[in-house]
Each structure stands twice: as structure tokens, then as C-alpha cells.
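Residue numbers (my numbering), protein chains in the order written: chain A, 51 to 302; chain B, 51 to 302. Every residue gets a Cβ at the ideal spot worked out from N, C-alpha and C, and that includes glycine. Predicted model only: the values in this text are computed from it and were never measured.
There are 2 protein chains.
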Amino acid sequence: MVKAAGKGAARPSVWLAGQARGGRRGGGQPSGLDRKRITEATVRLLDAEGLAKFSMRRLAAELNVTAMSVYWYVDTKDDLLELALDAAFGELRLPDADGDDWRERLRALAGEYRSLLVRHPWLSPLAGRYLNIGPHARAFSRTVQDVIRRAGLPAHGVTGALSAVFQFVYGYGTIEGHYLARAADAGMTPDDYYRHAMRAVTEDPAASGAVEQSRDIMAARGGDTVSEMLERDFDFALELLIAGIEAMAARG
Amino acid sequence: MVKAAGKGAARPSVWLAGQARGGRRGGGQPSGLDRKRITEATVRLLDAEGLAKFSMRRLAAELNVTAMSVYWYVDTKDDLLELALDAAFGELRLPDADGDDWRERLRALAGEYRSLLVRHPWLSPLAGRYLNIGPHARAFSRTVQDVIRRAGLPAHGVTGALSAVFQFVYGYGTIEGHYLARAADAGMTPDDYYRHAMRAVTEDPAASGAVEQSRDIMAARGGDTVSEMLERDFDFALELLIAGIEAMAARG
DNA sequence: ACCTGAACACCGTTCAAGT
DNA sequence: ACCTGAACACCGTTCAAGT
């Protein structure tokens, strides 16, 4: 027996499949189903209940259809999640190719990406899990590259600089979205949740060591609210990255 | 009815639980089970088969025990994964508090974290999903803070700079580990897999637009192997971040 | 104190059958 | 062409029962 990767060597992405089976009119069918409607319902459910609770059966119920109808339009759950992922990237407002200088456009792009990740906390695990080469994701990455290229970096540095900026934004948006979702789940404001978590950590003997460190952070941050801290840290880090790009461009 | 977060408002972390039930000798029991052995088997299985395939039943089989025995030592699957997460952070070799200058220690820490994420691709989703406040994770974050504090940044910039650096490393290590795992699953070298993926994207009409952009990147990167590219981009980005920290420190 | 077996309420997906 | 129902091979977890 030849050692194979699982059974059937799954196709790496929906976007590399043959012509889609779905995508017809929508209304001709008894149920009015099509890929667009299914994808929209998926995004809605993911926003409302999160990735962990999403299931094909749950989605079918939402669409007033039997569990297996969806499979006429979509091969697997993975394919459907890839479609939802790219649909979310479609929400990004991309700045014009020309106009402001690259710094201003980079701030705009980073801000858009961050707020997308916060708005859809399920997006971050999906962006990590799949290839993310749908049309909207590609438009985004093309724009990002255009912007970075204007910064005057040496050619061999462009992809590295791009990584530095957007891996940061990705990571930051991920934990921020996660944190806010947790707070909302617990029925608290972000500030109440912060105080609550701090108290839990402080009171637990196993967590000693986290305490002094957190106190320092709090002191440094002053009496800000959580969202002020999040804003300030993000802005500072982004300016740091821009300063780093400038420094590397100057080195040549 | 009061609106509650699910049923029972799940405890936010194993590390905030009361005294652990497990952790006894290990050998007194018929099966020789304890938390340590269970956690080690979990890490082994996650390395071998990935997060998606991991299950409590699969783990029990590995330990030659019935599915439910594990629940004597661990409350839920989530708790167990948190234990595995912190165990992995225990593999990090943290540099001494004093010695080299902060730049050298930052490079060492970033390199350690990156290789940890690559070695254990399951770690990245878990680090995003849980609070990650186990003893080893806390030791890591304490060390990171010590290092950043030596860079001469204004107090309000320390946490932002910390985010910039370690969100970058996290994101970079995540996609790198993911990529290498995919290649290995497909039974290819990283270079073969790269060529294969490029060909798939190039041939697919839907992917037009990704092509020219990728060609540019390739051209800029020269005839490197994938691992040379990964190395170069990581190093460039890290130097960019260090330069950015220096610039922000100079601004005061 | 520790471990088992049966059971509950779920999954994603296949397949033969309906209209 | 589109949709359904039953079935398969799984899950995490509860619970009563064993030793």
C-alpha cells in the first residue's frame, strides 16, 4: 500500500475547484437556495453564535431546509467556511491606489483589518486554517503590497515588512476580538470583565507572579478604560512599525 | 429565567480552578495514570495527528484505558488542552535576565517562540482559544517584558511594543508551521509543495491576479529555497521591529 | 479511590430514494 | 435538477455501577 494523505487527498481550497455547482439564479429552486444565500446565512450564524456552535444541521434549520440540501451547493463544511471567510474580506474598504502617502494608507488598511477581525471573531481561526486565496482576500493582499512597495524598502525586504505589519494586526485583532467576545458572553462590559479577570488571577495562589507584572502594566497605563488601552497600544505599535520601515528603507 | 452564558457559566481556565484532583503519585493506581502522563500523551498525539483528529476516546485508547477514565483526572477536554498548551510553553529556553543586551535577548526569545510554534502547529489555535495563564506561559511573558523594558521606551509604549514583536512572531510561526505541516501531509518537501501550489494557482482562471503578484515576489526573492525565504523574511522583519523600537525610544 | 459500560445528544457525510 | 430520510461512524460528557 502506498502511504497517502488520508483518504482521497482533499483538494486544498474551494477556490481551486472546478466550476461551482451552485451560483444559479435563486428562486427557480423550490427552496430558493443558492451559494450566496447560504454564505450569507453562514456569516450571520457565525456572528451570532460563534464558530464552535456552527454546524451544517444548524445552518440547514436556519434556512428551513433539510440538513443535506446544503450539500447540493457546497461539497463540504470546509468549503462553506472558506466561502464565508472570503465574504468577510469583501467587507474591507480598500483605499485608492493613489492619493495619500503610504503611511496614511497603511494606517487605513491596518485599521480596516483590525476592525474586521474584531467584528467577526470567527474569522481569525479560519484565516489561519485555510489558504485564504479567495478573490476578496487577494484584492486585500494586492492592496497591502502596493502600499508597502511605496515605502522605499530594498526589494528583498518587502515581504518581510509586509509580514511584520500584518501579522501584528492579525494577532492584535484576534486577541482583541476574542477578549470582547468573552466579555459579551459573560454579560459584562469590557471594563467590568477586566476587573473581574484581574480579581480571579490575583486571588488564585497558583497565579502569583502574574500579579506584580500586571500591576506594573496597570500603573504604566494610568486609569484608562480597556478600550482606551487597546487603542493606545495599537496606535503605538503601528507607529513603531512605520518607524521601523523608515529606518530599514534608510539603511537600503 | 435569568439569561446566563450557556449552562453553568464555564470556569474561564484550568489554572483558576480549585485544587487539582489529579497529580498524585502515579503507580499506585491500577492503570498508572496521572495528570502528567495524560498531558504528555496528549502532546504526543497532537504532534502526531494534529488538533482536528485529537479526541478523548483516541487519547484513552493510547493510554490503554477506557474512554472515561481520563475524566477522573481532568474535568473537560478544554482543561486538558490548556494543560498541553502550558506544557509546550515549558519547552522554551528562556535567556538569563542579565548578560547580552536587549537586542540579542529579543532575537533569542523570538527565535525560541517561532520554533516552538513550528514544532507544534496545534499550539497556535490553542494559544488563541484559551487565556494562556499557566505557569510556563507566565514565565515566558515575564521574560519578554523584562527584555522590552530594557529598550528605553517611554512607559506607555512598553505594552504596545511587546504586542508588535510577539504578535508578529506568533502570526509568522503560525503560518510557517501550518505550511510545513501541509507539505508534510501531502508527502512533499516544502519546495515541491510550493511549486505545486504555485502551479495550481497559476492554472486556475479564478486565481488570476494572484499570479502577477506572486511572480514579483518570486523575482524579488531570487532562486531561494522556501526555507531560505522564510528565514530571510523573518530576520528582516525582526530587525525592522528592533529598528522601530530604537526609533520610538529616541523619540521619547 | 479509581475505573467501566451504557446511554444521551450531538456531529459531518454517504447513499439510495423520491419529486 | 433539486431535495429528503435513513444510516454510518464518529464526537464530549453524564451517570449508575462495579472493584
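Say whether chain A places a C-beta atom closer than 7 Å to the C-beta of residue i.
i                           : result
aspartate 151 (chain B)     : no
alanine 15 (chain B)        : Outside the shown range of chain B (51 to 302) lies residue 15 (chain B), about which nothing can therefore be said.
valine 261 (chain B)        : Reliability of the predicted coordinates at valine 261 (chain B) is poor, the pLDDT of 46 falling under 50, and no value is obtained from them.
glycine 223 (chain B)       : no
leucine 66 (chain B)        : yes
glycine 161 (chain B)       : no
glycine 210 (chain B)       : yes
phenylalanine 104 (chain B) : no
glycine 227 (chain B)       : no
phenylalanine 139 (chain B) : no
glycine 178 (chain B)       : yes
leucine 135 (chain B)       : no
glycine 207 (chain B)       : yes
Give me the Cβ distance between residue i and residue j, rounded to the nearest whole Å; I'm assuming they're in contact under 8 Å.
i                           : j                       : result
alanine 67 (chain B)        : leucine 291 (chain A)   : The Cβ separation is near 39 Å, so there is no contact.
methionine 106 (chain A)    : lysine 127 (chain A)    : 6 Å
valine 197 (chain B)        : arginine 155 (chain B)  : 5 Å
leucine 288 (chain B)       : arginine 157 (chain B)  : 6 Å
phenylalanine 139 (chain A) : histidine 186 (chain A) : 4 Å
methionine 298 (chain A)    : glycine 207 (chain A)   : 6 Å
glycine 221 (chain B)       : glycine 221 (chain A)   : 5 Å
Please work out which residues of its chain come closer than 6 Å, Cβ to Cβ, to residue i, disregarding the five sequence neighbours upstream and downstream, and give them in chain order.
i                     : result
glycine 149 (chain A) : none
valine 276 (chain A)  : Pro240, Asp241, Tyr244
leucine 131 (chain A) : Leu176
valine 124 (chain A)  : Leu130
Check the Cβ-Cβ distances between residue i and every residue of chain B, and say whether any is below 7 Å.
i                           : result
phenylalanine 303 (chain A) : The displayed coordinates of chain A run from 51 to 302. Any statement about residue 303 (chain A) would go beyond what the structure contains.
serine 213 (chain A)        : yes
alanine 250 (chain A)       : yes
tyrosine 244 (chain A)      : no
threonine 89 (chain A)      : no
phenylalanine 218 (chain A) : yes
aspartate 129 (chain A)     : no
leucine 290 (chain A)       : yes
alanine 287 (chain A)       : yes
alanine 234 (chain A)       : no
aspartate 283 (chain A)     : yes
alanine 293 (chain A)       : yes
Does residue i pass the burial test, meaning 16 or more other C-beta atoms within 10 Å, or should it be called exposed?
i                        : result
alanine 205 (chain B)    : exposed
alanine 114 (chain B)    : The question names alanine, yet the displayed sequence has asparagine at residue 114 (chain B). Looking at its Cβ environment, which holds fewer than 16 other Cβ atoms inside 10 Å, asparagine 114 (chain B) is exposed.
arginine 164 (chain A)   : buried
threonine 89 (chain B)   : buried
aspartate 136 (chain B)  : buried
tryptophan 172 (chain B) : buried
lysine 53 (chain B)      : Interpretation of lysine 53 (chain B) is limited by its pLDDT of 30, a score under 50 that renders its predicted location unreliable; no figure is taken from the coordinates.
aspartate 151 (chain B)  : exposed
methionine 279 (chain A) : buried
tryptophan 122 (chain A) : exposed
alanine 247 (chain B)    : buried
methionine 118 (chain A) : exposed
glycine 237 (chain A)    : exposed
glycine 202 (chain A)    : exposed
arginine 108 (chain A)   : exposed
Near residue i, what residues of its chain come up, given a Cβ to Cβ distance below 7 Å and the 5 sequence neighbours on each side ignored?
i                           : result
aspartate 181 (chain A)     : One detail in the question is off: residue 181 (chain A) reads as leucine in this sequence, not aspartate. Within the same chain, leucine 181 (chain A) has close Cβ partners Pro62, Ser63.
phenylalanine 104 (chain A) : Leu95, Leu96
alanine 231 (chain A)       : Pro171
threonine 224 (chain A)     : Leu167, Ser174
valine 93 (chain A)         : Ala134, Ala137, Ala138
glycine 302 (chain B)       : Pro204
arginine 110 (chain A)      : Checking the sequence, you will find alanine at residue 110 (chain A) rather than arginine. Thr116, Ala117, Ser119, Val120.
Using a Cβ-Cβ cut-off of 8 Å (strictly less than) and excluding sequence neighbours within five positions of residue i, which residues of its own chain qualify?
i                       : result
aspartate 129 (chain A) : Val64, Ala67
Would you check if the stretch 84–98 of chain B and the stretch 279–291 of chain A touch, i.e. whether three or more CB-CB distances between them fall below 8 Å? Verdict: no, contact absent.
Measuring CB atoms only, is the stretch 144–161 of chain B touching the stretch 191–203 of chain B, in the sense that at least three cross pairs come out at less than 8 Å? yes
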